[in-house]
Amino acid sequence: MDVCVVAVDVGSVRPPSRFAWVALDTRGAEPIGAGIDPATAVDAVAAALTRGDQVALLLEAPMAVPVPDRWEDLGKARAGEGNRPWSAGAGAGVLATGIAQATWIFKALAERVPACTATTQPATWQSGQAQLLLAEAFVSGTGKPVPVGVSSHAADAAAAGRDFLDRLHRGPLVSDVVCGPHAAVNLLAATAIGGRLPIAEHELRADVLVLKVRPVRSGGGVFEEFARGGEGG
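Quick note: the sequence shown, position 199, residue 199 per full-length UniProt numbering, numbers continuous.
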């Protein structure tokens, strides 16, 4: 089974763009595409879906929030977030941006590839019941090492994509951050439904796969060519 992962660092699309995406697949170690706008990210995902790949789309923004039984616990961090809770200033800001950008991307994908079915559950995706896995990347770490001339946004996206493929190769896809023991509101499922991307409605109450990633220094090559701000696909 060929797998393609497109990792997106959510951010402002106004120049200079703070939005970046990088695509990788199981056919080789180097990125197969990258860009700095949502339209080219959709192009990359649509191309992979059309050629029959199983595709994972990772968004670097909080994509599930906990709903506790006690009102006193509202806004508290998810288990595994540490000192970067979804409800803090930076997390809340990128959450709002992520909702808007995810809905736009999913709507465009639904129009481009109407037969595509999506899921936020790794087991459903790995069994072939859905072709597109929607997941969250949580990129963190002090003093992130970034290659010279490469934006931190592209480096974050590349780190998330490579981490996903590494985990897929090693074994089960297990989330590093969870809403539990509280109930979850699945924002990936909600925005997919808002964008008319086919997904099971019951996933609205299911937790999402969250990959906690620390960026690593790139070896350069094709990655640097793409991540300097060019586009490929």
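Using N, Cα and C, we set each Cβ at its ideal position, and we do this for glycine too.
Between the Cα of residue i and those of the options, spot the shortest distance and give me the residue it belongs to.
{"i": "Ala206", "options": "Val22, Gly180, Gln101 and Pro215", "result": "Gly180"}
{"i": "Ala155", "options": "Gly128, Val213 and Asp69", "result": "Val213"}
{"i": "Val45", "options": "Ala96, Ala137, Arg70 and Arg112", "result": "Arg112"}
{"i": "Ala110", "options": "Leu197, Leu133, Ala7 and Cys4", "result": "Leu197"}
{"i": "Ile199", "options": "Val185, Asp176, Ser151 and Ala130", "result": "Ala130"}
{"i": "Pro66", "options": "Gly80, His202 and Val178", "result": "Val178"}
{"i": "Val184", "options": "Ala7, Arg78, Gly93 and Pro38", "result": "In the sequence on display, residue 184 carries Ala and not Val. The candidate whose alpha carbon is nearest that of Ala184 is Arg78."}
{"i": "Ala115", "options": "Leu59, Lys107 and Ala20", "result": "Lys107"}
{"i": "Ile36", "options": "Ala48, Ala23 and Arg27", "result": "Ala23"}
{"i": "Ile105", "options": "Arg27, Ala157, Asp43 and Pro16", "result": "Asp43"}
{"i": "Pro16", "options": "Ala192, His153, Gly194 and Leu188", "result": "His153"}
{"i": "Ser175", "options": "Ala34, Ile99 and Pro122", "result": "Pro122"}
{"i": "Leu187", "options": "Leu165, Asp69 and Thr97", "result": "Thr97"}
Helix, strand or coil: how does DSSP classify residue i here?
{"i": "Ala7", "result": "strand"}
{"i": "Pro38", "result": "helix"}
{"i": "Thr119", "result": "strand"}
{"i": "Glu136", "result": "strand"}
{"i": "Leu188", "result": "helix"}
{"i": "Gly161", "result": "helix"}
{"i": "Leu204", "result": "helix"}
{"i": "Leu209", "result": "coil"}
{"i": "Ala183", "result": "strand"}
{"i": "Ala130", "result": "coil"}
{"i": "Leu24", "result": "strand"}
{"i": "Gly195", "result": "coil"}
{"i": "Val45", "result": "helix"}
Exposed or buried, which one is residue i when buried takes at least 16 other CB atoms within 10 Å?
{"i": "Trp71", "result": "exposed"}
{"i": "Gly143", "result": "Here Gly143 scores only 41 on pLDDT, less than 50, and its place in the model should not be relied on; the value that follows carries that caveat. Under this definition Gly143 is an exposed residue."}
{"i": "Glu136", "result": "buried"}
{"i": "Val148", "result": "Reliability of the predicted coordinates at Val148 is poor, the pLDDT of 38 falling under 50, and the value obtained from them is presented with this limitation in mind. When all chains shown are included, Val148 counts as exposed."}
{"i": "Asp2", "result": "exposed"}
{"i": "His169", "result": "exposed"}
{"i": "Gly161", "result": "buried"}
{"i": "Ala158", "result": "buried"}
{"i": "Leu151", "result": "Checking the sequence shown, residue 151 turns out to be Ser, not Leu. Burial call: buried."}
{"i": "Thr191", "result": "buried"}
{"i": "Gly33", "result": "buried"}
{"i": "Asp25", "result": "buried"}
{"i": "Ala20", "result": "buried"}
{"i": "Thr50", "result": "exposed"}
Would you kindly work out how many angstroms separate the C-alpha atoms of residue i and residue j, rounded to a whole number?
{"i": "Gly91", "j": "Thr103", "result": "18 Å"}
{"i": "Val13", "j": "Ser140", "result": "21 Å"}
{"i": "Glu203", "j": "Ala56", "result": "17 Å"}
{"i": "Cys4", "j": "Leu132", "result": "10 Å"}
{"i": "Gly52", "j": "Arg84", "result": "37 Å"}
{"i": "Gly75", "j": "Ser87", "result": "6 Å"}
{"i": "Asp163", "j": "Thr40", "result": "22 Å"}
{"i": "Trp125", "j": "Leu134", "result": "9 Å"}
{"i": "Glu201", "j": "Leu59", "result": "20 Å"}
{"i": "Val208", "j": "Ala7", "result": "15 Å"}
{"i": "Gly82", "j": "Val210", "result": "14 Å"}
{"i": "Val10", "j": "Pro62", "result": "10 Å"}
**Request:** Jot down the residue ranges of each uninterrupted beta strand (DSSP E) in the segment 47-103, minimum 3 residues, whole runs only, in chain order.
**Result:** 54-59 and 64-67
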